[in-house]
Amino acid sequence: MDSQQQYEALLAKWGYADTTVEDHARRQRRARRVKAVVTFFKATVKAIKKVSARPQQLGQTSN
Numbered sequence: 000m001d002s003q004q005q006y007e008a009l010l011a012k013w014g015y016a017d018t019t020v021e022d023h024a025r026r027q028r029r030a031r032r033v034k035a036v037v038t039f040f041k042a043t044v045k046a047i048k049k050v051s052a053r054p055q056q057l058g059q060t061s062n
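Heads up: the sequence shown at position 52 corresponds to 51 in numbering that gives the first Met the number 0, and the numbers run straight through without jumps.
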């Protein structure tokens, strides 16, 4: 019996379920969600900067 089987046997004996696969999937989903939110906010900030910079550039060129 290797260490992984011993670990699983102990968990079963103590009444615990091995949730490492579910935990890993949960962490991946959370990381994907965080990445999407960060990307959204970066794009939003970039768009705001672009829009707010445009009138200044137009104002400077018209002088």
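Backbone N, C-alpha and C define an ideal beta-carbon position, used for all residues, glycine too.
As the structure is a computational prediction, the values presented were derived from the model and not from experiment.
Three-state secondary structure (DSSP) of residue i
{"i": "T18", "result": "coil"}
{"i": "A46", "result": "helix"}
Backbone CA spacing between residue i and residue j [nearest angstrom]
{"i": "F40", "j": "R28", "result": "19 angstroms"}
{"i": "G44", "j": "T38", "result": "It should be pointed out that residue 44 corresponds to Val in this sequence rather than to Gly. Rounded to whole angstroms, V44 to T38 spans 10 angstroms at the Cα level."}
{"i": "Y15", "j": "R26", "result": "20 angstroms"}
Whether residue i touches residue j by CB criterion (9 angstroms)
{"i": "Y6", "j": "D22", "result": "no"}
{"i": "A11", "j": "M0", "result": "no"}
Reference residue i, options the options, closest by Cα
{"i": "T19", "options": "A46, W13, Q3, R31", "result": "Q3"}
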